[in-house]
Amino acid sequence: MITYNLHWNTFFEGRMKQLLWIAVIWVMGVSGSCAAQANYGLATIGYSDADFANDSEGEISFSLAYGRQIHEQWYAEGGYYRLFDYSNDVADASGDALYAALLGKASNASGELFYKLGVAKVDISSDVQCGSAETPLTCAYDDSIAAGLAGLGFDYYVTHSSMVRMEYVFFGGEDNFSAHTFSIGFRYNFK
Numbered sequence: 000m001i002t003y004n005l006h007w008n009t010f011f012e013g014r015m016k017q018l019l020w021i022a023v024i025w026v027m028g029v030s031g032s033c034a035a036q037a038n039y040g041l042a043t044i045g046y047s048d049a050d051f052a053n054d055s056e057g058e059i060s061f062s063l064a065y066g067r068q069i070h071e072q073w074y075a076e077g078g079y080y081r082l083f084d085y086s087n088d089v090a091d092a093s094g095d096a097l098y099a100a101l102l103g104k105a106s107n108a109s110g111e112l113f114y115k116l117g118v119a120k121v122d123i124s125s126d127v128q129c130g131s132a133e134t135p136l137t138c139a140y141d142d143s144i145a146a147g148l149a150g151l152g153f154d155y156y157v158t159h160s161s162m163v164r165m166e167y168v169f170f171g172g173e174d175n176f177s178a179h180t181f182s183i184g185f186r187y188n189f190k
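Quick note on numbering: numbering that gives the first Met the number 0 labels position 92 of the sequence shown as 91, and the sequence is numbered without any gaps.
In structure tokens, the structure reads:
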């Protein structure tokens, strides 16, 4: 069995990691002047439909995030998404994303309507059967790509410190990568 490894330019990959970490640090520390900053933790589970390299899969997804209020109408949020992890007759693949985003919000007595804009570093790896019956081959793919994200959601108040989040997030990036995620989760507000 012959294995081929495809890798992108390591220089670009290193620069992308640096830029992502700089963005996360900047977003989390943007406002030291807010008097009453609220922090929160978030865990969601949902459905993700991802398209990449002529392959499309719908899978269960989950995310973990940390957010901080930086203004009365703005949050900064950073986190992790498991976009997909599947195995079938043709391929074994997984996709994970680290992201940093700003959330604009509008509050009322029931909760907070928000939109989310940000950047993500998406790590995709797969092993695909690419040979013939006579010569079985496995082609391995392992890459990190840059992506943008945009989302819309609502955080519904359960108590003063806990909320139920419902959201849709779209990821779009290099190499025709895209993912649509629909999720529901729990947000806990720290004071």
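Where is the CB? At the ideal position from N, CA and C, for every residue including glycine.
Just so we're clear, the structure is a prediction, and the values are computed from it rather than from any experiment.
For GLN128, the uninterrupted beta strand (DSSP E) segment begins and ends at 110-128.
If you draw a 10 Å sphere on the C-beta of GLY130, you find fewer than 16 other C-beta atoms in it, and that means exposed. Under a 10 Å Cβ-count criterion, ILE123 is classified as buried, with 16 or more other Cβ atoms of the shown protein chains found around its own Cβ. Secondary structure of ASN87 (DSSP, three-state): coil. Within a 10 Å sphere around the beta-carbon of ILE59 sit fewer than 16 other beta-carbons, which makes this residue exposed.
Here the alpha carbons of TYR79 and ALA145 stand approximately 14 Å from one another. Distance from the CA atom of VAL163 to the CA atom of ILE44, rounded to whole angstroms, is 12 Å. In terms of Cα proximity to LEU101, the closest of TYR114, ALA90, TYR140, ALA92 is TYR114. The beta carbon of PHE169 is closer than 6 Å to those of ALA149, HIS179 in its chain, skipping five residues each way along the sequence. When the alpha-carbon of ASP174 is set against those of LEU151, ALA105, ASP141, the nearest one is in ASP141.
Per DSSP, the continuous beta strand (DSSP E) segment holding PHE181 begins and ends at 177-189.
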